[in-house]
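Residue numbers (the working numbering), protein chains in the order written: chain A, 78 to 286; chain B, 469 to 603. Here's the structure, in structure tokens; my notes come after.
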């Protein structure tokens, strides 16, 4: 009977993760039913439509040489950049302006980190958003974001938890903690495109529509 | 098991904490699988071969990033993405390590390259450590 016990143990090891995946998918689906009830603004629909068109990833294209005027940004402003064929909307990347021509953004190899603003000029699509909030609130949001430097970037990070981030989630969380919701549809993930749809932001510059 | 663990641990991130439990379980299962294989195969060379094949995707991705071979293709940036996704089952465990940077890169980035051989070692170790009758 020892072989039976070993076989049972082996089956448990083999089946635990598939069963967990199935169970968690069901739970997440139940928890996000509002997104499957015709809310086509969700990033899930954007992904699925892009996938159907054969587009995956953050897109690609030649570096933009278009003239961009001097950007008068304030700390707390949001910078969005996008390449053509991006699978998750018009914009593929987001950063929060922290002052001195620097943005806090997320990359796999750098984690959440402060980078030069200038690289956004290379994107074919560029959008600058100003959050409708007091300078004090923006300062706190920037401080929160800066406090997470070096933390882990994970492209498919869910909005829950504070150990995995993507470039948009950190901005959303930084403002959410100040009482400003940048995700009006309570989406499953935060994608750069989602920030544009928030009634709490104003577009101050846009290129490449 | 690895592919379904990627999916389960990623979905587990929706319920913070559960991903950590699944990450620990994953390591235990890899160890157990190593024990099981050492009994079944009873040949350390074959077990090493199995571990190498199992971690081949991670090894190829890690080596191409380390050697810069990934930059020869247009979608270079995706290699490190794919490496991170490949290591999803153990990411929760390194996400709890306090963050610090070395040469502008976060500690977790360097872990990507350590974890690929480390997982293979966890699998192979029982074959060298345990005597078959005790495992």
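Where is the CB? At the ideal position from N, CA and C, for every residue including glycine.
Reduced DSSP secondary structure (H/G/I, E/B, other) of residue 119 of chain A: Residue mapping note: residue 119 of chain A aligns to position 42 of the first chain, counting from 1. If DSSP states are grouped into helix, strand and coil, residue 119 of chain A belongs with coil.
Taking the C-alpha atoms as reference points, what is the distance between residue 235 of chain A and residue 124 of chain A? Walking along the first chain from the start, residue 235 of chain A turns up at place 158. Walking along the first chain from the start, residue 124 of chain A turns up at place 47. Taking the straight line joining both Cα atoms gives about 15 Å.
Scan the stretch 228 to 278 of chain A and note each continuous alpha helix (DSSP H) run of 4 residues or more that stays entirely inside, going in chain order. 244 to 253, 269 to 273
Please work out which residues of its chain come closer than 6 Å, Cβ to Cβ, to residue 576 of chain B, disregarding the five sequence neighbours upstream and downstream, and give them in chain order. In the second chain, the residue the question calls residue 576 of chain B occupies position 108. Contacts found: 562.
If contact is defined by three or more beta carbon pairs under 8 Å, each pair taking one atom from either stretch, is the stretch 220 to 238 of chain A in contact with the stretch 155 to 163 of chain A? no
Going by C-alpha to C-alpha distance, which of A/202, A/226, A/214, A/245 sits closest to residue 282 of chain A? In the first chain, the residue the question calls residue 282 of chain A occupies position 205. When each option's Cα is compared against that of residue 282 of chain A, the closest is A/202.
Sort B/531, B/587, B/572 by Cα distance to residue 556 of chain B and report the nearest one. Here residue 556 of chain B refers to the residue found at position 88 when the second chain is read from its first residue. Ranking B/531, B/587, B/572 by Cα distance to residue 556 of chain B puts B/587 first.
Could you work out which residues of chain B lie near residue 228 of chain A, taking near to mean beta carbons separated by less than 9 Å? Start at 1 with the first residue of the first chain, and residue 228 of chain A comes out as number 151. Near residue 228 of chain A (Cβ distances below 9 Å), the residues of chain B are 563, 567, 574, 576.
Please list the terminal residues of the continuous alpha helix (DSSP H) segment that includes residue 192 of chain A. Position 115 of the first chain, counting from 1, holds the residue named residue 192 of chain A. Premise fails: residue 192 of chain A lies in the beta strand (DSSP E), 188 to 193, not in any alpha helix (DSSP H).
Provide the residue(s) that pair with residue 172 of chain A in DSSP beta bridges, ordered along the chain. Residue 172 of chain A sits at position 95 when you count from the first residue of the first chain. A/156, A/182, per the DSSP bridge assignment.
What in chain B is Cβ-close to residue 95 of chain A, meaning under 7 Å? As a first step, residue 95 of chain A must be located in the first chain, where it is residue number 18. What residue 95 of chain A touches in chain B: 472.
Kindly list, in the order they appear in chain A, the residues whose Cβ is closer than 8 Å to that of residue 480 of chain B. Locating residue 480 of chain B in the second chain gives position 12, counting from the first residue. Residues of chain A passing the Cβ test: 97, 101.
Which residues of chain A have a Cβ atom closer than 8 Å to the Cβ of residue 484 of chain B, listed in chain order? Position 16 of the second chain holds residue 484 of chain B. Those within 8 Å of residue 484 of chain B in chain A are 237, 238, 239, 240.
So residue 206 of chain A is in the beta strand (DSSP E); what residue range does that whole segment cover? Taking the first chain and counting its residues from 1, one reaches residue 206 of chain A at position 129. Looking at the DSSP string, the run of the beta strand (DSSP E) that includes residue 206 of chain A is 202 to 208.
With a CB to CB cut of under 6 Å and the five nearest residues on each side skipped, what residues in its chain are close to residue 285 of chain A? Position 208 of the first chain, counted from the start, is the residue given in the question as residue 285 of chain A. Result list for residue 285 of chain A: 201, 202, in chain order.
Grouping DSSP H, G and I as helix and E and B as strand, with all else coil, what is residue 594 of chain B? For the purposes of this step, residue 594 of chain B is taken as residue 126 along the second chain, with counting starting at 1. Residue 594 of chain B falls in the helix class under three-state DSSP.
Helix, strand or coil for residue 199 of chain A per DSSP? Working through the first chain from its first residue, we reach residue 199 of chain A at position 122. Correct three-state label for residue 199 of chain A: helix.
Just to check my reading of the structure: residue 497 of chain B and residue 90 of chain A have Cβ atoms closer than 8 Å, yes? What is that Cβ distance to the nearest angstrom? Counting from 1 along the second chain, the entry for residue 497 of chain B is found at position 29. Counting from 1 along the first chain, the entry for residue 90 of chain A is found at position 13. Contact holds; Cβ gap of about 5 Å.
Report yes or no: do the stretch 104 to 119 of chain A and the stretch 251 to 269 of chain A share at least 3 C-beta pairs separated by less than 8 Å? yes
Kindly say whether residue 476 of chain B, judged by its beta-carbon, lies nearer than 8 Å to any beta-carbon of chain A. For this step, residue 476 of chain B is matched to residue 8 along the second chain. Closer than 8 Å: yes.
Using a beta-carbon distance below 8 Å, is residue 581 of chain B in contact with chain A? Counted from its first residue, the second chain places residue 581 of chain B at position 113. No, no contact with chain A.
For residue 104 of chain A, verify whether its CB is less than 7 Å away from any heavy atom of the ligand ADP. You won't find the ligand ADP in this model; it holds no ligand whatsoever.
Per DSSP, what are the beta-bridge partners of residue 573 of chain B in this structure? For the purposes of this step, residue 573 of chain B is taken as residue 105 along the second chain, with counting starting at 1. Answer is B/570.
Sub-8 Å separation of residue 270 of chain A and residue 167 of chain A beta-carbons: Counting from 1 along the first chain, the entry for residue 270 of chain A is found at position 193. Counting from 1 along the first chain, the entry for residue 167 of chain A is found at position 90. Going by C-beta atoms, residue 270 of chain A is nearer than 8 Å to residue 167 of chain A.
Determine the direct distance from the alpha carbon of residue 580 of chain B to that of residue 530 of chain B, and round the result to whole angstroms. Indexing the second chain from 1 puts residue 530 of chain B at position 62. Indexing the second chain from 1 puts residue 580 of chain B at position 112. The straight-line gap from Cα to Cα measures roughly 8 Å.
Quick one, which of A/112, A/161, A/151, A/186 has its alpha-carbon nearest residue 133 of chain A's? If you number the first chain from 1, residue 133 of chain A lands on position 56. Among A/112, A/161, A/151, A/186, the Cα nearest to that of residue 133 of chain A belongs to A/161.
Environment of residue 508 of chain B [buried if 16+ CB atoms lie within 10 Å]: Counted from its first residue, the second chain places residue 508 of chain B at position 40. The residue is exposed, with fewer than 16 neighbouring Cβ atoms inside 10 Å.
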